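One structure is given below, encoded as structure tokens.
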Amino acid sequence: MAELVFFSGTMDCGKSTLALQTAYNYQQRGLAGIIFAMNDRAGAGKLSSRLGLVTDAIEVTPTTDFWNVVVQARQGGQRVDFIICDEIQFYSREQVDQLARIVDEIHISVWGFGITTDFLTQLFPGSARMLELADRVERLQVEALCWCGKRATHNARTIDGIMVTEGEQVVIGDTKDDQVVSYEVLCRYHHMRAMTAASAHAAEISPATLPLDANRVESAKD
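Read left to right, the sequence shown gives residues 1 to 222 (the UniProt record's numbering).
Take a look at the structure:
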């Protein structure tokens, strides 16, 4: 039976790799599907993983109507046995509704891959709707790690290595105004304390945290 499934996890936990592997497995069995991607590191119309795997995909925009795309594809004679949706957190609630309709009325399984919350630990619209509608929610088993070694559970936005707690919900990592905007996964403890790998390293080498020289301390007392 067709299902709407949400595979969720933090950044760096292998979501895109699993999406590519899932598509490959079904294609190897003679099935054909449609792969959707959005804001991929490899550019528009691509789905890639950090391991170097890449395939062609349909680029999702705010105006993409999934129902129309699938209906037009099938009317044109194209087989659509499954649908892969990467970065589904960026989709609108209405677009997730369209995917659910495809599952229920055309009986095509849809597998969505994405992160659940943003850098402020707030749900993305697409992820929230997937949690509301999905037949199954699967947390990826490959654990991303915080710099401290604990399992990473939160996504942090950083500017020049320092965590920021305000700004637009969607900002693609880039260099802007000579500042490097990027993302880092953290455990809850360090996310709550805004401690990234860079800020933790800075604290370690700060004179305020360096061990005191006992001889210098005694000299100062004299």
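Don't be surprised by glycine CBs; every beta carbon is placed ideally from N, CA and C.
As the structure is a computational prediction, the values presented were derived from the model and not from experiment.
On the criterion of 16 or more Cβ atoms from any shown chain inside 10 Å, does residue i qualify as buried, or is it exposed?
i	result
C187	buried
M1	exposed
Q89	buried
A32	exposed
E184	buried
residue 223	The structure shown has nothing for residue 223, since the chain only spans 1 to 222.
Tell me the DSSP secondary structure of residue i in three-state form.
i	result
A37	strand
F6	strand
G43	coil
V164	strand
W111	strand
R29	coil
D12	coil
S219	Any reading at S219 needs caution, since the residue's pLDDT is 44, under 50, leaving its predicted position unreliable; the model's value is listed next. DSSP places S219 in helix when its eight states are reduced to three.
Y183	strand
S199	helix
Measuring straight from C-alpha to C-alpha, what distance separates residue i and residue j?
i	j	result
T55	S48	6 Å
V69	A197	43 Å
A200	M163	11 Å
L102	F7	In the sequence as presented, Leu is not what sits at residue 102; that position holds Ile. Using only the alpha carbons, I get a separation of about 18 Å.
K150	Q75	50 Å
L120	A44	27 Å
L51	E143	16 Å
R136	L4	7 Å
M192	Q78	49 Å
G9	R29	27 Å
P125	S92	6 Å
S133	A202	In the sequence as displayed, the identity of residue 133 is Leu instead of Ser. Their backbone Cα atoms lie some 44 Å apart in a straight line.
E218	T117	Bear in mind that a pLDDT of 46 at E218, under 50, signals an unreliable position, so the model cannot answer this.
Y24	A100	23 Å
T209	R41	With a pLDDT of only 46 at T209, under the threshold of 50, the placement of this residue in the model should not be trusted, and no figure is reported.
L145	L18	18 Å
For the candidate residues the options, whose alpha-carbon lies nearest to that of residue i?
i	options	result
G114	I108, L123, H107, I106	L123
V21	M11, D65, D86, A73	It is Gln, not Val, that sits at residue 21 in the sequence shown. Ranking the options by Cα distance to Q21, first place goes to D86.
N39	C148, A57, Y26	A57
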